[in-house]
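Trainee:
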């Protein structure tokens, strides 16, 4: 509703922003930003989230993986859709490494002392217990590879989605009462829509978008690489394939769907 | 002028964006975003720039270091001022390593094959000759540490500052005629201003900003670290010190100022 409102208002004013408070799990950031595409607008979407990320030089996870998504239409090319956690990796990546008992690359996470760790299982355990350590911001540990920039982007999302909206932020987005019982979530989101034709003729804009995106894709590849992507291409190609061939489901998901069907006394039809 | 116009328009509409084309060197991105602070607004500023950055999996530098700056007022705390190149490091860092004949950390740049290099001098030479290779986007090489996110942010700036403004982009921002002679620069910039009190009471907002920024700064430090910064703090403290004690100048800068004075037949008074 907040994204629809931003699009509706931007139709008249050229640009509109909206914020949400008292919210719960966001789903996919790109879902909202992409709503702007069919209106020839640029869409913006971001949310704060459960604290998993440590600030640069910090020991405790204080920030969410706080995703930012921006969607921008093109002409014949796939629209540009950035949809990124502001951490170096999302939590799900650590869970995969833990399940497969794989060693993480150094630079993804820190241990309870705030020092680099390659142990995904320990990191997840420390996060759950709030024992210290967590996922590093985009750019990694300290300032050598500019971890302070990812930390800055995570903080930006916390400000716009959490503070600007009047929602909660940091450790207060999933509040608990004194006995430790979970209270309703207090997440915040931030949306925007921007009419391109207030700046430029929309066909000229789309033409130049195609030129820019092709410049990336058609340029020379690094040794050992055979393709350069633009943002949203992989997901677009998956969508086309899944619309045609169906969506592959993990056996565990199928079992859980069957389980739900039994519980609800429904017929499992897949 | 474009930033002033955005601030002026935002006074009436809550939010305003502006773009500039046919421009030249930008100076400091944070200078423009910070103009919004005294109006209790959030300021946004970005520019495209000379091509130094390679896209993920690419061999050629196609994007600028494309800085983004966002300034947000706080109460008693230093305002949040993010001012970041979307590359892992700016070009100046490579120049310092080259001058001091230091080996760069692996993950800052690639060579003419698009493979990691630690040689700053070679990288700068290759960039000047457009021989291939360049500075890596924030997140570094390939997708392991999410270099595609920095590449996405650099592309975003190229779109908003370059395409949206109707300026040039990529290799066309510093165009040359057929003989190789430099033509006027065609850079583009993008600005925004946002009235906070259209969302929340400004004093409540600033109070919560202070709470959020202190949460970062007062949290436990990683082992071996004694301070957590928020964005803009270091620069703010330098400004205060330099206003009091004067601005330290590199001997080379002093010599060049003296040289200019002689050329212009002016007295050197420092």
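Residue numbers (the working numbering), protein chains in the order written: chain A, 103 to 372; chain B, 103 to 372. Beta carbons: idealized from backbone N, C-alpha and C, even for Gly.
Opposite residue 284 of chain A in the DSSP bridges: which residues?
Mentor: In the first chain, residue 284 of chain A corresponds to position 182, counting from 1. In the DSSP output, where bridge partners are listed per residue, residue 284 of chain A has A:278.
Trainee: Cβ closer than 8 Å: which chain A residues qualify as neighbours of residue 311 of chain B?
Mentor: Here residue 311 of chain B is taken as the residue at index 209 of the second chain, counted from 1. Residues of chain A passing the Cβ test: 261, 265.
Trainee: State the CB to CB distance for the pair residue 249 of chain A and residue 238 of chain A, rounded to an integer number of angstroms; the pair is presumed to be in contact (CB under 8 Å).
Mentor: Position 147 of the first chain, counted from the start, is the residue given in the question as residue 249 of chain A. Position 136 of the first chain, counted from the start, is the residue given in the question as residue 238 of chain A. The Cβ separation is near 6 Å, so the contact holds.
Trainee: Do the CB positions of residue 121 of chain B and residue 297 of chain B come within less than 8 Å of each other?
Mentor: Counting from 1 along the second chain, the entry for residue 121 of chain B is found at position 19. Counting from 1 along the second chain, the entry for residue 297 of chain B is found at position 195. Taking 8 Å as the Cβ cut-off, residue 121 of chain B and residue 297 of chain B do not qualify as a contacting pair.
Trainee: Within the 8 Å Cβ cut-off, does residue 318 of chain A reach chain B?
Mentor: Your numbering for residue 318 of chain A matches position 216 in the first chain. Yes, its Cβ sits closer than 8 Å to a Cβ of chain B.
Trainee: Inspect the CB distances between the stretch 337-344 of chain B and the stretch 172-185 of chain A and report whether three or more fall short of 8 Å.
Mentor: No, because fewer than three Cβ pairs between the stretch 337-344 of chain B and the stretch 172-185 of chain A fall closer than 8 Å, the two stretches do not touch.
Trainee: Can you give, in chain order, each stretch of the alpha helix (DSSP H) that sits fully within the stretch 108-186 of chain A and has at least 4 residues?
Mentor: Counting whole runs of 4 or more residues, the stretch 108-186 of chain A contains the alpha helix (DSSP H) stretches 131-135.
Trainee: With a floor of 3 residues, list each beta strand (DSSP E) that falls wholly inside the stretch 178-232 of chain B, ordered by position along the chain.
Mentor: List check, beta strand (DSSP E) in window: 182-186.
Trainee: In or out: residue 186 of chain A buried (at least 16 other Cβ within 10 Å) or exposed?
Mentor: Looking up residue 186 of chain A in the first chain gives position 84. It counts as buried.
Trainee: With DSSP run on the structure shown, which of helix, strand or coil describes residue 297 of chain B?
Mentor: The residue given as residue 297 of chain B occupies position 195 in the second chain. Residue 297 of chain B: strand per DSSP, three-state reduction.
Trainee: Pick from A:154, A:134, A:314: whose alpha carbon is nearest that of residue 145 of chain A?
Mentor: Within the first chain, numbered from 1, the residue matching residue 145 of chain A stands at position 43. Per the Cα distances, A:134.
Trainee: Closer than 7 Å by beta-carbon distance: list the chain A residues that pair up with residue 251 of chain B, in chain order.
Mentor: For the purposes of this step, residue 251 of chain B is taken as the residue at position 149 of the second chain. The answer, in chain order, is 186, 240.
Trainee: Closer than 6 Å by C-beta to residue 370 of chain A: which residues in its own chain qualify, once you throw out the five before and the five after it? Chain order, please.
Mentor: Taking the first chain and counting its residues from 1, one reaches residue 370 of chain A at position 268. Same-chain partners within the cutoff: 360, 363.
Trainee: Counting only beta-carbon atoms, is residue 164 of chain B nearer than 8 Å to chain A?
Mentor: The residue labelled residue 164 of chain B in the question sits at position 62 within the second chain. Chain A, which has a Cβ nearer than 8 Å to the Cβ of residue 164 of chain B, makes this yes.
Trainee: For the stretch 195-226 of chain B, enumerate the residues whose C-beta is nearer than 9 Å to any C-beta of chain A, in chain order.
Mentor: Residues passing the 9 Å Cβ filter: 207, 209, 210, 212, 215, 216, 217.
Trainee: Closer than 7 Å, Cβ to Cβ, to anything on chain A: give me those residues from the stretch 121-155 of chain B, in chain order.
Mentor: Within the stretch 121-155 of chain B, the residues whose Cβ lies closer than 7 Å to some Cβ of chain A are 121, listed in chain order.
Trainee: Run down chain B in chain order and give the residues with a C-beta less than 7 Å from the C-beta of residue 338 of chain A.
Mentor: The sequence position of residue 338 of chain A within the first chain is 236, counting from 1. Per Cβ cutoff of 7 Å: no residues; residue 338 of chain A is ~15 Å from chain B at best.
Trainee: Could you give the distance in angstroms between the alpha-carbon of residue 138 of chain A and the alpha-carbon of residue 153 of chain B?
Mentor: Residue 138 of chain A sits at position 36 when you count from the first residue of the first chain. Residue 153 of chain B sits at position 51 when you count from the first residue of the second chain. Going by the C-alpha atoms only, they are around 30 Å apart.
Trainee: Tell me whether residue 318 of chain A is buried or exposed, calling it buried when 16 or more other Cβ atoms sit within 10 Å of its Cβ.
Mentor: Position 216 of the first chain, counted from the start, is the residue given in the question as residue 318 of chain A. Looking at its Cβ environment, which holds 16 or more other Cβ atoms inside 10 Å, residue 318 of chain A is buried.
Trainee: May I have a chain-ordered list of the beta strand (DSSP E) segments no shorter than 3 residues that lie completely inside the stretch 300-328 of chain A?
Mentor: For the stretch 300-328 of chain A, not a single whole beta strand (DSSP E) run of length 3 or above is found.
Trainee: Kindly say whether residue 248 of chain B, judged by its beta-carbon, lies nearer than 8 Å to any beta-carbon of chain A.
Mentor: In the second chain, the residue the question calls residue 248 of chain B occupies position 146. With 8 Å as the cut-off, residue 248 of chain B counts as an interface residue toward chain A.
Trainee: Kindly say whether residue 115 of chain B, judged by its beta-carbon, lies nearer than 8 Å to any beta-carbon of chain A.
Mentor: Translated into positions along the second chain, residue 115 of chain B becomes position 13. Closer than 8 Å to some Cβ of chain A, the Cβ of residue 115 of chain B qualifies, so yes.
Trainee: With a cut-off of 8 Å on the beta carbons, I'd call residue 105 of chain A and residue 300 of chain A a contact; round off their distance for me.
Mentor: The count along the first chain starts at 1 and reaches residue 105 of chain A at position 3. The count along the first chain starts at 1 and reaches residue 300 of chain A at position 198. Going by Cβ atoms, the distance from residue 105 of chain A to residue 300 of chain A rounds to 19 Å, so no, they are not a contact pair.
Trainee: State the DSSP-derived secondary structure class of residue 289 of chain B, mapped to helix, strand or coil.
Mentor: Here residue 289 of chain B refers to the residue found at position 187 when the second chain is read from its first residue. The answer is strand: DSSP assigns residue 289 of chain B an E or B state.
Trainee: Mind listing the chain B neighbours of residue 324 of chain A? Cutoff is C-beta to C-beta under 8 Å, in chain order.
Mentor: Mapped onto the first chain, residue 324 of chain A falls at position 222. Per Cβ cutoff of 8 Å: 156, 159, 160, 161, 212, 215, 216, 217.
Trainee: So residue 192 of chain B packs on residue 208 of chain B, CB below 8 Å; how close in whole Å?
Mentor: On the second chain, position 90 is the one that residue 192 of chain B refers to. On the second chain, position 106 is the one that residue 208 of chain B refers to. So it is not a contact: roughly 18 Å between Cβ atoms.
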